[in-house]
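Here the structure comes first, spelled out in structure tokens, and everything after it is commentary.
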Amino acid sequence: MPAVKPDIIGVAASLITWGIKQLKGKGIQDVIEAVHLQNKEGVRPILRKEHKTAAGIDYVFALPPGVDRTDFETNRHYFESYLNSFVEIEATGRKLILKTYKANFKEIEPYAFNPMQYANMLAPFPIGISLDGKVKVADMSEVYHMLIGGVTGYGKTSQLLGMVVAFLLHGCKVSVIDKKAIDFPILEDYLEIAISEDEVLTMLKRTVNEMEKRAAMLRAAKVQKVQRLKGVQYQVLIIDEAADIEDNASWELIDKLVRKARAGGIGVILATQKPSANTSKGFTDIRSNLAGRLCYYCNGDANDSQVILGKGNSRGSELPAIAGRCIWKWRTEELLQSMFLDADRAIEILQANNVSKVVREFEQCTNEHTERFIPG
Ligand SMILES: Nc1ncnc2c1ncn2[C@@H]1O[C@H](COP(=O)(O)OP(=O)(O)OP(=O)(O)O)[C@@H](O)[C@H]1O
Ligand SMILES: [Mg+2]
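Numbering (this note's numbering), first residue to last: 66 to 441.
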């Protein structure tokens with residue numbers, strides 16, 4: 066009977082689809098079983114759905130009580146090796162999405178950033194390229210303050226240069242403390258720079274004064290955020306090689322800034338090779354006020370990784386030894402490849418975009434040895 070034939074085909078097709086679905090799902094369930102990812106009663110996460118994405122597959126799980134994202138995070142490398150993909154984990158309540166990415170990063174992602182695309186932000190900057198090939202961007206005025214860590218030679222300063230360029234292109238004011246004095250002095254036409262311990266102290270005092278001035282303006286105008294005030298420029302203070310600051314008076318001022326400057330539209334960014342160093346009481350105390358965290362290669366040092374990314378988070382110490390590879394943590398967490406930029410290229414970009422140079426007035430300092438041109 067000819068009418069039966071299409072039904073048989075239909076049933077067979079849905080059986081095959083069902084079979085493929087079971088097989089597809091099995092891979093990931095196997096890992097969950099193998100690593101005993103389950104609660105005390107032995108209940109495992111249930112795979113609810115899986116979607117193919119442009120980059121890989123999203124697996125959507127329902128979590129039983131007693132299982133949370135950290136159980137997945139601690140087993141990330143098993144998932145990654147078994148699925149032969151990078152893995153990111155997102156969770157809201159009992160729902161968890163494990164996202165796989167087949168693609169890899171390019172070895173060098175050249176710097177390319179157009180702040181005009183983020184005109185609604187006060188201080189946009191690129192953090193890196195994500196596994197789906199997009200530029201990850203944040204707004205410094207929302208992040209407030211930030212800590213960048215990782216051992217020597219993996220991209221902290223390159224990232225800071227990229228941030229400086231982004232901020233300047235957007236019309237923010239940038240001040241830099243660079244005790245190593247190699248990377249930033251070349252850019253001194255465009256920013257305020259402090260190198261010696263005296264200059265560092267002067268710059269910090271001036272930034273604290275500015276913060277207090279802004280706080281008074283906010284009080285007078287009865288508004289909470291500097292965005293509501295006309296003509297006030299967002300300002301960023303970058304401190305590269307932060308652990309090299311030894312003066313306690315300087316740390317006290319940095320502490321004041323990270324506790325109080327955000328409402329006044331002043332963001333602070335600290336970068337250091339030794340995030341866990343106890344070189345100064347100040348540094349240990351202020352870390353908790355640096356909400357944005359960017360972690361580069363930590364050479365297997367789980368302690369450094371945990372200081373940067375949070376208690377129990379050793380992901381930074383598991384990063385491959387690749388320059389620019391980093392983990393960005395702010396609200397969520399993501400593996401990225403920073404865009405490479407050096408100071409020479411930074412100047413080229415600033416010149417090509419006609420970024421105005423800092424106007425300097427001659428200002429007599431009380432200390433005759435630190436007499437310099439200070440930006441007005
Ligand atoms: N995003 C990147 N992509 C590719 N290579 C990079 C990237 N960032 C940095 N590099 C390479 O690593 C080198 C060191 O980078 P950088 O000076 O930024 O490191 P660092 O973390 O600041 O080191 P240190 O702690 O010694 O100051 C660069 O000269 C460049 O060769
Ligand atoms: Mg550096």
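Glycine residues also receive a C-beta, built at the ideal position from the N, C-alpha and C atoms. Quick caveat: nothing in here was measured; it's all calculated off a predicted structure.
Straight-line gap, residue i to residue j (C-alpha atoms, nearest Å)
i: residue 338; j: residue 408; result: 20 Å
i: residue 322; j: residue 299; result: 14 Å
i: residue 286; j: residue 106; result: 58 Å
i: residue 132; j: residue 310; result: 43 Å
i: residue 256; j: residue 398; result: 31 Å
i: residue 149; j: residue 243; result: 41 Å
i: residue 422; j: residue 412; result: 11 Å
i: residue 73; j: residue 178; result: 56 Å
i: residue 97; j: residue 141; result: 11 Å
i: residue 385; j: residue 92; result: 25 Å
i: residue 162; j: residue 296; result: 44 Å
i: residue 376; j: residue 367; result: 10 Å
i: residue 250; j: residue 102; result: 52 Å
i: residue 266; j: residue 275; result: 14 Å
i: residue 104; j: residue 410; result: 52 Å
i: residue 88; j: residue 372; result: Any reading at residue 88 must be qualified, since the residue scores a pLDDT of 47, below 50, and its modelled position is unreliable; the value itself is stated next. Their Cα atoms are separated by approximately 41 Å.
i: residue 36; j: residue 99; result: In the structure displayed, the chain extends from 66 to 441; residue 36 sits before or after that span and is not available.
i: residue 115; j: residue 325; result: 45 Å
i: residue 288; j: residue 253; result: 34 Å
i: residue 416; j: residue 263; result: 30 Å
i: residue 247; j: residue 173; result: 22 Å
Sub-8 Å separation of residue i and residue j beta-carbons
i: residue 51; j: residue 420; result: Because the chain spans 66 through 441 in this model, residue 51 falls outside it and cannot be assessed.
i: residue 335; j: residue 307; result: yes
i: residue 138; j: residue 196; result: no
i: residue 303; j: residue 216; result: no
i: residue 374; j: residue 226; result: no
i: residue 369; j: residue 341; result: yes
i: residue 160; j: residue 127; result: yes
i: residue 390; j: residue 362; result: yes
i: residue 328; j: residue 283; result: yes
i: residue 210; j: residue 356; result: yes
i: residue 231; j: residue 198; result: no
i: residue 201; j: residue 393; result: yes
i: residue 332; j: residue 181; result: no
Distance cut-off 7 Å: residue i Cβ against heavy atoms of ligand 2
i: residue 369; result: no
i: residue 222; result: yes
i: residue 409; result: no
i: residue 305; result: yes
Cβ-heavy atom distance, residue i to ligand 1, below 7 Å
i: residue 405; result: yes
i: residue 258; result: no
i: residue 349; result: no
i: residue 298; result: no
i: residue 218; result: yes
i: residue 365; result: no
i: residue 389; result: yes
i: residue 338; result: yes
i: residue 361; result: yes
i: residue 215; result: yes
Task: Length-filtered (3 minimum) beta strand (DSSP E) runs lying within the segment 292-336 - done: 300-305
**Asked** Where in the segment 372-427 do unbroken runs of the alpha helix (DSSP H), each at least 4 residues long, occur, reported from the N-terminal end onward?
**Response** For the segment 372-427, whole alpha helix (DSSP H) runs of length 4 or above, ordered along the chain, are 408-417.
- 4-residue-minimum alpha helix (DSSP H) runs that sit fully inside the segment 194-265, ordered along the chain: 205-208 and 221-234
Enumerate, from N- to C-terminal direction, the unbroken alpha helix (DSSP H) stretches of 4 or more residues contained entirely within the segment 85-165.
DSSP runs (the alpha helix (DSSP H)) wholly in the segment 85-165: 134-138 and 141-148.
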